[in-house]
Every structure is written in structure tokens, then in C-alpha cells.
Amino acid sequence: MDINNYYAEENEKPLDKIAYNGGFCGIFRTICCIGDSLSSGEFETVGKDGTHHYYDMYEYSWGQYIARMTGSKVYNFSRGGMTAKQYCESFADENGFWAAKFASQAYIIALGANDKWQEYETGSVSDVDLDDHTNNKKTFAGYYGQIIQRVKKISPDAKLFFVIEPKHSSDNEKAVLRKKEEREVLYGFTKLFEGSYVIDLYKYGPVYDEEFKYNFHLNGHMTPSGYMLSANMIASYIDYLIRRNPRDFALAGLIGTGIDPGVNT
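So the mapping is simple: the working numbering equals the position in the sequence shown, first residue as 1, plus 20.
Take a look at the structure:
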């Protein structure tokens, strides 16, 4: 056995090693995925009349692929078309997703793909009122920050992973700008909220070009293989973060138990 395979190499990038079994992502026994259609395993079909139809097939979501890889319990708090605004103003409340019974050790938040087409601005981390989330500004940053703040109340020690949307070769100028703005916000949140990290698919993931879409897309959304690929990327990225920062995750098994961890030596 070469133990060095379990250490992060000095110049290793997040997706240089793919952990097909989920790797150290499996240290989290409960994971909550908050997102849109890409977090919901959504399939898109086109009728003979050209009408598009959309189906959230959660068993094909990257979250449930991760659940099967790791044996962990994974919640899908997602729906096609979801925005941070909708999640905060209606969706989470309507479905009871703020309930303590859903408290998880890790939260993977993958929002922004739909937010960038909304009328509200991207905003910045300064849009977040750390003392009262109801005072957050009505921006992407403000709504996303509210999700983090409310999750922190449910599971204070949980680890948070913010997924940054990958590049698409078809991105227009507006999409590129908004993705870069959202990316800046999410990196800013890692400095604002303890125990948070980015999964930067914009920088380290593949470009979703025509060849990629031929292999992994069905109409405007992913195929089953595409969602499995997404699961491998997200789980492998988390595995990398854990190997890169092992002491940050040493107490992961105590999250949500109420056990006093004492001194982390």
C-alpha cells in the first residue's frame, strides 16, 4: 500500500484524481444538496410539435449517485428552474426544508445557473447582514447568504461546499460576466462563513463545449452519464479538499451529535 495516494500532492489540482467510489466524501453520513435542475437529475424531452418537457428524476441526480457511491444519506432540496430567491421566499418553507430533522453534516449548494438571468443583481458579500438574514439585500448574494445563515442555525458545525458553475462554450458576454460575479461572491463567502469551501468547476472542470454536450447532454440538460460524471467531479473535489486540509475535517464524525469535541490536537 502506498499511503502517499491518500495525501494531497504539492502541485495537485482538485480534479487530477477522480475518486470513483466517492473517496473521503464518504466521511459525511448525511449530505444535503440545494440546487436547481442540474441537482435534480432533470431530463429534457422535445415533442413532435417542438414543445420542451422537463422531468426531475432525482434518482439520476448527482446527489443520489454520490449517495450510492458512499452509502451516505443524501437529501435533494432542489427543483428544475430553482433560484436562490425562490428557495428563500417560497420553496424551502413550502417543503419544510428548514426543519431540524433534515440537519446534515455537509451541504452542497449549487445555485446560480438560473439566477444570472433574473432581474436582481449579483451583489456582493456586503449584502449579507450577519446579525439578521432578513436584512440581507435582495440580490443573488443576499439570497444565497440567507440560505447559508439559516443552514448554519440548523447545523452550526456543518461543512459547506459552494459549487461554481462550469464554463460553456456557448456562453454569451452576459453569462460570462455573471458567472465571474457569482464566482467572486462564493469565494467571498468562504472568508465570511467558517467551514465553507468552493467547488470551482469554472476553473478546474471541463468546458461544456459541443463535444462534451454530444457525449453528456440530452437536449438542454444532462444524460444519466452526464449526471454520474457530475457526481464523480463533485465527490472527487470534496475528496481533494479533505486530503488538502485534513485537520479541517478531523471532527466531521461529531457534527450534529452534540458531543463536545474537546481540543483538536
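We put the beta carbon where it would ideally sit given N, CA and C, even for glycine.
Beta-bridge partners of residue i, as assigned by DSSP
i    : result
I54  : F97, I129
Y74  : E64
S92  : For S92, which the question treats as bridged, DSSP gives no partner whatsoever.
D220 : I184
M253 : According to DSSP, M253 bridges with nothing at all.
L238 : H241
Chain-order list of residues whose beta-carbon lies under 7 Å from that of residue i (same chain, five-residue window excluded)
i    : result
G246 : F236, H237
C-alpha gap between residue i and residue j, whole angstroms
i    : j    : result
G273 : H72  : 44 Å
L249 : L197 : 26 Å
A133 : E30  : 32 Å
A23  : G43  : First, the amino acid is wrong: residue 23 is Ile here, not Ala. One C-alpha to the other measures close to 14 Å.
A255 : I86  : 7 Å
G276 : P186 : 32 Å
A112 : A251 : 23 Å
Own chain residues within Cβ distance below 8 Å of residue i, not counting five before or after
i    : result
G91  : G46
G143 : K157, T159, F160, A161, G162, V205
N239 : E64, T65, V66, H72
Where residue i sits in the DSSP three-state scheme
i    : result
F232 : helix
I275 : coil
Y40  : coil
M102 : coil
M248 : helix
M21  : coil
K33  : coil
K179 : strand
_At least 3 beta-carbon pairs within less than 8 Å: the segment 44-64 vs the segment 121-132_ = These segments touch.
_Whether or not the segment 87-96 and the segment 136-150 are in contact is what I'm after, with contact meaning three or more pairs of Cβ atoms, one per stretch, closer than 8 Å; do they touch?_
Not touching, per the Cβ criterion.
*Taking contact to mean at least 3 C-beta pairs separated by less than 8 Å, is the segment 170-179 in contact with the segment 219-232?*
Contact fails: fewer than three Cβ-Cβ distances are below 8 Å.
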